[in-house]
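For reference, the structure discussed in these notes is given below.
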Amino acid sequence: MKDFIFEVGTKILFGEDQLKHLPKEIKKYGNSVLFCYGGGSIKKLGLYDDVVKLLEENGIAYSELSGIEPNPRVESAIDGIRIARENKVDLVLAVGGGSVIDCAKLIAAGYYVDENPWDIVVGKVKVEKALPLGTILTLAATGSEMDTDSVITNLETKQKLGWGSKHVLPKFSIMNPVYTYSVNKHHTAAGVADIMSHTMENYFSLNDGCYLVDRLAEGILKTCIKYGPVALESPEDFDARANIMWANSWAINGLLKTGKDTSWSVHAIEHELSAFYDITHGTGLAILTPNWLRHVLNEHTANKIAIFGKNVFGIEPSGDKFADANKAIDALREFFDKMGIPKGLRDLGIGEEHLEEMAELTIKHKGGPIDGFITIDVEDVLEIYKMSL
Ligand code: NZQ
Ligand code: ZN
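The sequence shown begins at 204 in our numbering and counts up by one.
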């Protein structure tokens, strides 16, 4: 196990009766907020009205940025920065899923930067400070409410890139599982797949002595496998939504990578799909992951994949680690089938036309071959795309 420093400074207010604390949390930072949200789901939920009422009753001024897109665009962040400056806000309040929170992170950092915020995303401008950020999460998937990362799309350059800064870690996040009852089947399934992918990106590493975090990761995966189908079947099952929501935060807040090197191969491969085709992130991950595992299966990795099969899916060892690993990969794909996630990229309207370009860009955006569970280069990514068609 390698040396590590683990610190997550986000205050979590979890459960059904936590929204009432919003004014108190905001007032720690000031009296004026930029209220960011997406395409209107929070209005249907009644959450928009509840937030406005609390702000008004407590004398907190607010300006709004609405319409933040799934796979949020840099243009939305540019608008948000302008509105935040015009109103001299003290805090950015993001109410929604990962896209709204990620966009709010870029607004918070871009507020203090003269350059185009895209320069932050591509790493040309270093983030030295940011407006404080608070979130109210309405979709369990990305863990953005408790991490330092943000993923932004630039449709003009066909780029979807992640960036991060400790300055944009949310100061507080309100997490009420009831808000996620209205998430439709497609996004519920994609969210569960995203949580599982974050967990697996951390989990699949070799010989690092990180026994404890691997068992924690298996616990998160088992939670998704137990409660994902329940949430699809009974969207208002509180325990299902609550356990998935809490799993979502711990899959990516840094705990599961303590003491180890991680490479995040599948996310890099998926981000090109979203950039080119604007697909739902978690759906892309669920299609790619079993094929990635099949591609990286070799003499060195088979044992870990077989352990995953035993501890997560209960596949008893047969004495043949390759057979066990293949069964584990089958079980993962069967689970995604059960969640109603399409099997192949063609089901999403993706053909062969851009595969080579996307494979090259995957490696370019990672700054070279991805050194992880096994090292992945352009031809590997291309093969994984082809297997996933
Ligand atoms: O826009 P609204 O109307 O709010 O509708 C959203 C959107 O259409 C809807 N939704 C959200 N909460 C709802 C709801 N509908 C009904 N009831 C609710 N309670 O769901 C749709 C998808 O929302 P979005 O925020 O895009 O989903 P998600 O949370 O999965 O975020 C995806 C984005 O996060 C990035 C992804 O790449 C993608 O751009 N990621 C961010 C990460 C991070 N910050 O650490 C890591 C992830 O790996 C990921 O890359
Ligand atoms: Zn993800």
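We treat Cβ as the ideally placed atom computed from N, Cα and C, and that holds for glycine.
- By the neighbour-count definition (other C-beta atoms within 10 Å, threshold 16), Phe-511 is a buried residue.
- Relative to the non-hydrogen atoms of ligand 1, the Cβ of Leu-342 comes within a distance shorter than 7 Å of at least one.
- Under the three-state reduction of DSSP output, Phe-539 falls in the helix class.
- A straight line joining the alpha-carbon of Leu-409 with that of Asp-464 spans about 9 Å.
- Annotation: Ile-518 is outside any beta strand (DSSP E) and is labelled neither H nor E by DSSP.
- DSSP assignment within the region 246-325 yields the following whole beta strand (DSSP E) runs of 3 residues or more, N-terminal first: 264-268 and 294-299.
- With a contact defined as Cβ atoms closer than 8 Å, Val-395 and Cys-427 qualify at about 5 Å.
- Ile-447 carries a helical assignment under DSSP once its states are collapsed to helix, strand and coil.
- Between Val-416 and Leu-458, the gap from beta carbon to beta carbon is short of 8 Å.
- Counting C-beta atoms within 10 angstroms of its own C-beta, Ile-208 has fewer than 16 neighbours from the protein chains shown and is therefore classed as exposed.
- In this structure, Leu-216 sits near Phe-375, with a CB-CB distance shorter than 8 Å.
- Secondary structure note for Met-590: its alpha helix (DSSP H) is the uninterrupted segment 581-591.
- For Tyr-251, the CB contacts under 6 Å within the same chain, skipping 5 residues up- and downstream, are Ile-245 in chain order.
- 8 Å or more divides the Cβ of Cys-239 from the Cβ of Val-330.
- Around Leu-564, the same chain offers Glu-475 as residues with beta carbons nearer than 7 Å, after the five sequence neighbours per side are excluded.
- Under the three-state reduction of DSSP, Ser-347 is assigned to helix.
- If you draw a straight line from the Cα of Gln-221 to the Cα of Ala-343, it comes to about 17 Å.
- When DSSP reads this structure, Trp-453 sits in no beta bridge, so it has no partner.
- A residue is called buried when at least 16 other Cβ atoms come within 10 angstroms of its Cβ; Tyr-382 meets this threshold and is buried.
- Shown here for Thr-402: same chain residues with a beta carbon closer than 7 Å to its own, the five before and five after excluded, namely Ala-420, Ile-423, Leu-424, Ala-454 and Leu-459 in chain order.
- By alpha-carbon distance to Leu-225, the top candidate from Ser-437, Glu-260 and Lys-247 is Glu-260.
- About 6 Å separates the Cβ atoms of Thr-351 and Val-371, confirming a contact at the 8 Å cut-off.
- In the three-state reduction of the DSSP assignment, Ser-437 falls in the coil class, being assigned neither a helical nor a strand state.
- Taken through DSSP and simplified to helix, strand or coil, Val-386 comes out as coil.
- Ligand 2 never approaches Asp-523 closely enough for any of its heavy atoms to be under 7 Å from the residue's Cβ.
- Taking a cut-off of 8 Å on C-beta distances, the region 554-571 does not touch the region 528-542, as fewer than three cross pairs fall below it.
- Thr-345 places its beta carbon less than 8 Å from that of Gly-301.
- By the 16-neighbour rule on beta-carbons within 10 angstroms, Glu-359 is exposed.
- Cα atoms of Lys-327 and Tyr-315: separation of roughly 15 Å, rounded to the nearest angstrom.
- If you look at Lys-230, you'll find it in the alpha helix (DSSP H) that goes 225-230.
- Set against 7 Å, the gap from the CB of His-470 to the closest heavy atom of ligand 2 is smaller.
- Under DSSP, Met-378 shares a beta bridge with Phe-217 and Leu-340.
- When beta bridges are read from the DSSP output, Asp-574 appears opposite Thr-578.
- Put simply, of Lys-332, Gly-337, Lys-223 and Gly-249 the residue whose alpha carbon is nearest the alpha carbon of Val-236 is Gly-337.
- DSSP places Ser-353 inside the beta strand (DSSP E), whose first and last residues are 352-357.
- The residue from Asn-274, Lys-569, Ile-579 and His-503 with its alpha-carbon nearest to that of Ala-478 is Asn-274.
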